[in-house]
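*Asks:* Please read through the structure below; I'll follow up with questions.
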Amino acid sequence: MWAYIFRKLLYNVPVYFGALLLVFLALRVQDPVYAYLGPEATGEEVERLRQDMGLDKPVVVQFGVYLSNVLTFDFDIPSWNQKGYTVGEILSRSWIPSLSITVPQIALSTVIGVLIALLSAYFRGRFIDRFLVIAAVIGMSISFLVFIVFGQFFLAALPQEEGWEFAPFAVQGYEHWIGVGGEEGWFLRPSVWAHYCLLPVLIGVVVSMGYDTRFYRAVMVEETGRDYITTATAKGATKPKIMFVHMLKNAMIPVVTRVMSTLPFVVVGSILLEMYFSIPGMGREIITAINARDFPVIQYFVAVFALIFIISVILTDVLYAVFDPRVRLS
Amino acid sequence: MIRRFLKGRAARKLRRNKLAIASMAVISVYVFVALLGFVGVISQASTQERVLPDKTPGWLESKPVDDRAADAIWLADRIGARVERAREETDPEAVRRLLDEVSMAERSIIDAPFEEIEALYATVQAELDEMYEVFDEKDLAVDDIISSQLRIQRYRERDAERFADRIAEAEQTIAEAQARVPDLSVAAESELDDVEAALESLMPTPDGLRGAVYTLRTCLGSDNQGRSIMMKALFSVRIAFQIGFVVAIACVILGTALGAAGAFFAGWVDYGVMYLVSVLSSVPSLVLLAVIVYIFFGSPIFDNPAERPGLALVPVYAAMGLTFWVGTCRVIRGEVMKIKGLEYVQAATSIGFGRVYTLVKHVVPNTAHLMFINFALLFIGAIKSEVILSFLGLGVKGQPSWGRMISQGKDDVIIGFFWEVGAASVFMFGLVLAFNILTDALQDAFDPRHVD
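Chains as they are written, first to last, in this note's numbering: chain A, 109 to 438; chain B, 3 to 454.
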């Protein structure tokens, strides 16, 4: 097992190196200082920024500095666009809002998706199954943005405007970590969280429902054809028991892999939801940075995202090997 | 070869699937509209010209009376400014040119001598004056009600009993005013109808063929600059197909070439391909898309939507093309791995065919069904990503697209104007749904492992 983990780690080192190099080069195709300051910049300003970022040094030296900063987690680099903040500060203030959206979203969509898939597989070929399959296809065909625009209007904006009693959701915005006792803490109070984050979470769940149920249903249907199901049926086990005890356990492997493979999404956050609901998470920060040509933030944020992605890929592989020992030998 | 394909088991299965046939019909309608866009029947200019007052709703929905009045005043002013200037002109052609500036698409000022137009305009103004009077009266009545209510409230706060008679007086005023308001509303509306009728005789809604085109332009209303939503949505079909086709073809070619080569030649080629795939998939796709678009920012050739709207799409193509081939590459690589061991490939090798020849002639054609399915998947993926990128300000620029329509119209949704977002959503939904159903049917027919 350890050998397998070690092998995976070793394989991914050059991959991460490649990702860093890719980002590093992509950001230097055009002069980042020029892109940020625009054509009206004075030579003095350009020179100052260039020296601040070390952009006047040879490319190899720049890459060395970049690499060593990323590997030592030294993000103490001032942002161009958000004056007075460093990349590290932006990172540390934005990861919690991201998590407060995506963790509940992934948990909810997995649970609901698996349950619907079980239901669908249980009634396979009957009306409920057909209905769910069609609903999933229709749900997949509607744009994420449409769900957000209409969800926000009907669930948040309209109730507030009309002054309905049931207006639990904020149209947009976020409050920074207020602890349970009122003092600064790590997590939002549940009611505050629900006010700002529940609606985006629900929209995210509804959007992913189509994809999730289709995947899980395929898993379940494939599982119903296995020998152990026949055995269980022959022994006289009831259908619900076969479904929820035998099948669910065995279907856990693909479910866990899928959840793990959506883990990167947890940290990057649903960029779109964050943008639309003004939630100051990591996804919002990077898109704002790209639109403002904030070079240091883009460069280091992408490096962090890639690192998170790769770690979660390794974790997925390892977890897969834990569930299915055959994988280790391949 | 095509005939053999059409007689094959999979094609028969596909043809029996009624939903798939229906979705193909829907897609061909979209293709037709896209072709109209390419040919220029639906031109970009037609998406930019004014056809209606701002934010006019489409079919079966009309604006509230106050907004209609504002629109009538706006149109009368628009005509009035030109008529004033036309009075100074002596040349009839110059007069006509000035009057044509008022035109909104097919709807223009009647072709008549200037004196007649001036007379008609005078009628419009007379009607407008009458309308103002009634509206003012109505406003006064409403003001009366509000100020009396305020007065009653103030009296009650000070001393309800001492001011009892004054309160009664104010209540009397309210009752009187309230009795007048319904009549005045009716009168205001009929005055407004008169104004609109006068405007209509000055600037008639076209009939016949031109009328049909005008109806088509206005049937979904107008956006916040008075541009036709229908035209924007129809033109966006072309943009969607352009993006979908370029991205899907680029990705299928790139993915198949690299995936097949990697699997077939194994060794270093395969390591190289898989390394590239791993590197690209270790950056979140939306972030990768954004970074590639960043490369093109500020470029005078590729980021110049005002002068070169066509080339402004290149960043979008590049971003999606370089990002989305990864999935296709994995699928094709897996399939080629499987095909590589089959007898006919061994037979080809033993006859003495070259490796490249065998790969191109015998292996790759057998992944055609996967290429086809991936093409459809990528096509939808590209269209959906366009919407998201455009919303984030990184997508289409300078031309209408569904994504831009949604992001422009989203602020109007808050005030209850759904037409722009709705039109873009429905058009996109139709296309994506048809493609989803078709892809499912294709997978059913061609991929024996696909679970139904």
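Idealized CB from N, CA, C, for every residue including glycine. Please read these numbers as outputs of a predicted model, since none were measured by experiment.
#1: Mapping DSSP to helix, strand and coil, what is residue 378 (chain A)?
#2: Residues of the stretch 237 to 263 of chain A with a CB closer than 7 Å to any CB of chain B: list them in chain order, please.
#3: Could you say which of B:9, B:23, B:8 lies nearest to residue 442 (chain B) if we only look at CA atoms?
#4: Closer than 7 Å, Cβ to any Cβ of chain B: which residues of the stretch 409 to 420 of chain A, in chain order?
#5: Looking only at C-alpha atoms, which of B:381, B:408, B:209 sits nearest to residue 395 (chain B)?
#6: Can you list the residues of chain B that residue 124 (chain A) reaches, using a CB-CB cut of under 8 Å?
#7: Taking CB distances under 7 Å as the criterion, tell me whether residue 429 (chain A) reaches chain B.
#8: Please state the DSSP three-state secondary structure of residue 194 (chain A).
#9: Taking just the CA atoms, how far does residue 59 (chain B) sit from residue 439 (chain A)?
#10: List the residues of chain B that residue 406 (chain A) touches, going by C-beta distances under 8 Å, in chain order.
#11: Going straight from the alpha carbon of residue 140 (chain A) to that of residue 403 (chain A), what length do you get?
#12: If we count the other Cβ atoms within 10 Å of its Cβ and call it buried at 16 or more, is residue 181 (chain B) buried or exposed?
#13: In chain B, which residues lie less than 7 Å from residue 401 (chain A) when you measure between Cβ atoms?
#14: Using the DSSP secondary-structure output, state which residues sit across from residue 230 (chain B) in a beta bridge.
#15: Just list the alpha helix (DSSP H) runs in the stretch 179 to 264 of chain B, keeping only unbroken ones of 4 residues or longer that don't cross its boundaries, in chain order.
#16: Whose C-alpha, out of A:316, A:328, A:331, A:333, is nearest the C-alpha of residue 215 (chain A)?
#17: Tell me whether the beta-carbon of residue 413 (chain A) lies closer than 7 Å to the beta-carbon of residue 398 (chain B).
#18: Looking at C-beta atoms only, is the number of pairs between the stretch 375 to 387 of chain B and the stretch 318 to 327 of chain B that lie closer than 8 Å three or more?
#19: So residue 282 (chain A) packs on residue 388 (chain A), CB below 8 Å; how close in whole Å?
#20: Return the CA-CA distance between residue 422 (chain B) and residue 199 (chain A), expressed in angstroms with no decimal places.
#21: Could you tell me which chain A residues have their CB closer than 8 Å to the CB of residue 281 (chain B), listed as they occur along the chain?
#22: In three-state terms, what does DSSP make of residue 186 (chain A)?
#23: Excluding the 5 residues flanking residue 248 (chain A) on each side, which residues of the same chain have their C-beta closer than 8 Å to its C-beta?
#24: With distances taken between CB atoms, is the gap from residue 1 (chain B) to residue 385 (chain B) smaller than 7 Å?
#25: Just the chain A side, please: which residues come within less than 8 Å of residue 277 (chain B) by C-beta, in chain order?
#26: Is it the case that the stretch 79 to 87 of chain B contacts the stretch 115 to 130 of chain B, given that we only count it when at least three CB pairs across the two stretches are under 8 Å?
#27: Alpha carbons only, please: which of B:286, B:284, B:190 is nearest the one belonging to residue 69 (chain B)?
#28: Specify, as a first and last residue, the run of the alpha helix (DSSP H) that residue 495 (chain B) falls within.
#29: Evaluate contact between the stretch 402 to 418 of chain B and the stretch 230 to 250 of chain B, counting only Cβ atoms and requiring at least three cross-stretch pairs below 8 Å.
#30: State the DSSP-derived secondary structure class of residue 109 (chain A), mapped to helix, strand or coil.
#31: Checking 7 Å against the spacing of the C-beta atoms, do residue 32 (chain B) and residue 444 (chain B) come in under that value?
#32: Are the C-beta of residue 326 (chain B) and some C-beta of chain A separated by less than 7 Å?
#33: Thinking just about the alpha-carbon of each residue, which of B:116, B:104, B:200, B:252 is nearest to the one in residue 131 (chain B)?
#34: With a threshold of 8 Å, are at least 3 pairs of Cβ atoms found where one atom belongs to the stretch 154 to 164 of chain A and the other to the stretch 420 to 429 of chain A?
#35: Who are the Cβ neighbours of residue 127 (chain A) in its own chain at under 6 Å, not counting the five residues just before and after it?
#36: I need the DSSP call for residue 401 (chain A), collapsed to helix, strand or coil.
*Replies:* Taking the geometry as given:
#1: coil
#2: 245, 246, 248, 249, 250, 251, 252, 253, 254, 257, 261
#3: B:23
#4: 410, 413, 414, 417, 418
#5: B:408
#6: 284
#7: no
#8: strand
#9: Outside the displayed range of chain A (109 to 438) lies residue 439 (chain A), so it cannot be described from this structure.
#10: 293, 296
#11: 6 Å
#12: exposed
#13: 299
#14: B:224
#15: 210 to 220
#16: A:316
#17: no
#18: yes
#19: 6 Å
#20: 37 Å
#21: 123, 126, 127, 130
#22: strand
#23: 318, 319, 322
#24: Not covered by the structure: residue 1 (chain B). The range shown for chain B is 3 to 454.
#25: 122, 123, 126
#26: yes
#27: B:190
#28: This structure does not reach residue 495 (chain B), given that chain B is present from 3 up to 454, and the question cannot be answered.
#29: yes
#30: coil
#31: no
#32: no
#33: B:200
#34: no
#35: 414
#36: coil
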